[in-house]
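In full-length UniProt numbering, the protein residues as written are 1 to 410.
The next block holds one structure in the form of structure tokens; read it before the comments.
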Ligand SMILES: O=P(O)(O)OP(=O)(O)OP(=O)(O)OC[C@H]1O[C@@H](n2cnc3c(O)ncnc32)[C@H](O)[C@@H]1O
Ligand SMILES: [Mg+2]
């Protein structure tokens, strides 16, 4: 009997770690880890009624299979809208295609519209010698005679599968593979669900009618997540604009960050009759007299990060490194219903320099061009945790921390 690399039973799946809403500016993204395999997936709706998959770190065959499988699984939803799926393999520690599929299934759960009617999850089962092992690690995968990848729902029903290997399998071996894989897949679906309930559900959706509520004036769950920790420990639940789809769009017509944040906070507090925390942020470049500033999101016309970055580089053509100083700024405004003169206002900023060429893939907006001298990295080269320790939003939250309890109780 072969001892598994981590002493698991033959039919045991490894735990999973899911970081929901991993990318701040994507509507639905997930960092998925099982064993040492790490995959980042993001999904957005697109007008064309098909699945477009952009894979990095998958082979063409794997990308094709995943795209085809998604197209089949999502067929009913694809009659109405299309889907852009991006998959980035950060580390391949085995069962790569299964974990890439799981990352996408996870991200799909974060879209407002339910694309996947059943909870789907993927797992591999391998045949090695005369043993059948579920959820193979990379060392186990290396000695597999055959590998079966199965996508199941949460009831051990098989939704898709693919068999690969140099050795033929007979029907009883295939049966055995199918059995352990479908159980492992359903176990994985439960793991995804448990993580989702813990991480996402309580923050944004769960109703605690007895709990005091504040509203974060953003549709960006990543931002909301940054505020969540501060309020959770005080027994306050937070909601976001996603919980109030009927609210009118508030136009950011102010001339300063504070005016814009105030517009959002005051108007929404008045409508919902709840305390509202709003933020407005942007990039201020010294050589451009503080531009793009409040116009950061639409510097190049529409809300397009690539266009904004290109325009910034263009405007700084020929400006030497030492004159490319800049800072990110955030203003937070906390408003209570019907008390517009009593808003709590705090700010935060982080200094840096605008690079000549973009660096790094994390973050969003101007992050790849924003160099942080203390860390000798661009903002896009920082992990989310590193960025959240030094960012302008983090500093503003730090400044809010000692003030808001007394203000809210007044
Ligand atoms: O107001 P909401 O709806 O939350 O979304 P927004 O895109 O307007 O978000 P912000 O006011 O926070 O930021 C305005 C723009 O400034 C840039 N920006 C803000 N924070 C940033 C950050 O942490 N990293 C990189 N760019 C950032 C980015 O281009 C944003 O679109
Ligand atoms: Mg804004």
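C-beta atoms are modelled at their ideal positions from N, C-alpha and C, and glycine is treated no differently.
Close-in-space but distant-in-sequence residues of the same chain around residue i (CB under 7 Å, 5 per side omitted)
{"i": "residue 272", "result": "215, 244"}
{"i": "residue 293", "result": "282, 284"}
{"i": "residue 90", "result": "38, 39, 40"}
{"i": "residue 305", "result": "364, 365"}
According to DSSP, residues forming a beta bridge with residue i
{"i": "residue 371", "result": "353, 378"}
{"i": "residue 56", "result": "88"}
{"i": "residue 192", "result": "Answer is none; residue 192 lacks a bridge partner."}
{"i": "residue 163", "result": "148"}
{"i": "residue 280", "result": "331"}
{"i": "residue 125", "result": "134, 148"}
{"i": "residue 141", "result": "Bridge partners of residue 141: none, in fact."}
{"i": "residue 292", "result": "284"}
{"i": "residue 301", "result": "Bridge partners of residue 301: none, in fact."}
{"i": "residue 82", "result": "46"}
{"i": "residue 215", "result": "239, 276"}
{"i": "residue 344", "result": "334"}
{"i": "residue 51", "result": "83"}
{"i": "residue 158", "result": "152"}
Residue i CB to nearest heavy atom of ligand 1 below 7 Å
{"i": "residue 364", "result": "yes"}
{"i": "residue 379", "result": "yes"}
{"i": "residue 332", "result": "no"}
{"i": "residue 279", "result": "yes"}
{"i": "residue 218", "result": "yes"}
{"i": "residue 308", "result": "yes"}
{"i": "residue 297", "result": "yes"}
{"i": "residue 283", "result": "yes"}
{"i": "residue 328", "result": "yes"}
{"i": "residue 383", "result": "no"}
{"i": "residue 391", "result": "yes"}
{"i": "residue 239", "result": "no"}
{"i": "residue 367", "result": "yes"}
{"i": "residue 305", "result": "yes"}
{"i": "residue 38", "result": "no"}
{"i": "residue 223", "result": "yes"}
Beta-carbon contacts of residue i that lie in its chain and below 8 Å, excluding the five residues immediately before and after
{"i": "residue 182", "result": "150, 152, 156, 157, 158"}
{"i": "residue 211", "result": "235, 236, 237"}
{"i": "residue 327", "result": "283, 284, 349, 350, 351, 352, 392"}
{"i": "residue 62", "result": "55, 96, 97, 100"}
{"i": "residue 403", "result": "344, 346"}
{"i": "residue 194", "result": "none"}
Endpoints, the beta strand (DSSP E) within which residue i is located
{"i": "residue 255", "result": "Looking at the DSSP string, residue 255 is not in any beta strand (DSSP E), and its letter there is neither H nor E."}
{"i": "residue 34", "result": "29-34"}
{"i": "residue 328", "result": "325-335"}
{"i": "residue 45", "result": "37-46"}
{"i": "residue 239", "result": "237-240"}
{"i": "residue 17", "result": "16-20"}
{"i": "residue 104", "result": "First-last for residue 104: 96-109, but that is the alpha helix (DSSP H), not the beta strand (DSSP E)."}
Cβ-based neighbour list, residue i, same chain, cut-off 6 Å, excluding 5 preceding and 5 following
{"i": "residue 203", "result": "At residue 203, the pLDDT of 46 sits below 50, so the modelled position is not reliable and the matter cannot be decided from this model."}
{"i": "residue 138", "result": "93, 94"}
{"i": "residue 78", "result": "49"}
{"i": "residue 331", "result": "257, 258, 261, 280, 347"}
{"i": "residue 278", "result": "217, 261, 264, 265, 333"}
{"i": "residue 206", "result": "Confidence at residue 206 is low in this model, with a pLDDT of 46, below 50, so its placement is unreliable and no value can be given for it."}
{"i": "residue 297", "result": "303"}
{"i": "residue 14", "result": "34, 35, 135"}
{"i": "residue 52", "result": "84"}
{"i": "residue 397", "result": "none"}
{"i": "residue 186", "result": "152, 154, 156"}
{"i": "residue 67", "result": "51, 53"}
{"i": "residue 371", "result": "352, 353, 355, 378"}
Alpha helix (DSSP H) segment containing residue i, residue limits
{"i": "residue 397", "result": "392-400"}
{"i": "residue 223", "result": "221-232"}
{"i": "residue 408", "result": "404-409"}
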